[in-house]
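Structure, as structure tokens:
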Amino acid sequence: MARMDAAADTANTKVLLHPTTSRTVMHSSNQVATAVVDFQGRLGIERGRQSLEARRWVDAATEVRDKVFETGTAGVDAARRVGNETFDRARSVTDRLSSGIAERALRRCGDDEEG
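Each residue of the sequence shown is one higher than the one before, starting from 3 at the first, in the working numbering.
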């Protein structure tokens, strides 16, 4: 029973890739489980089991879409942070470079006046 339940869970996780096969596995699993529970009941072994429900393709697709949006939003935020840091570094380098050029120009002007 545990192996059938594991197969059914696997089928539910792969419903996007194999929608018809997933539904077939769930249906077969429920039929076999019902027969096993019925057989155990006739033997006097009481074991209750709830029927498993097949996951709908639309529900799986919606869940994947939501995860993509969450991941995408996090990626956009990270890209924005990196972009801002890069822009700040570039501005700092530009400021240092322009200051260096201005100082050299002033020194040259001072050297020309002395000569």
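Every residue gets a Cβ at the ideal spot worked out from N, C-alpha and C, and that includes glycine.
If you're wondering where the values come from, they're calculated on a predicted model, not measured in any experiment.
Exercise for review: Kindly confirm or deny that the stretch 62-79 and the stretch 15-23 touch, where touching means at least three C-beta pairs closer than 8 Å.
Suggested key: The answer is yes - the stretch 15-23 touches the stretch 62-79, with three or more Cβ pairs under 8 Å.
**Study point:** Backbone CA spacing between N86 and A9 [nearest angstrom]
**Key:** Straight-line Cα distance between these residues: approximately 48 Å.
Point to revise | Inter-residue CB distance, M6 and S24 (contact presumed, cutoff 8 Å) | key: About 14 Å separates the two Cβ atoms, so there is no contact after all.
Point to revise | With 16 other Cβ atoms within 10 Å as the buried cut-off, status of M3 | key: By the 10 Å Cβ count, M3 comes out exposed.
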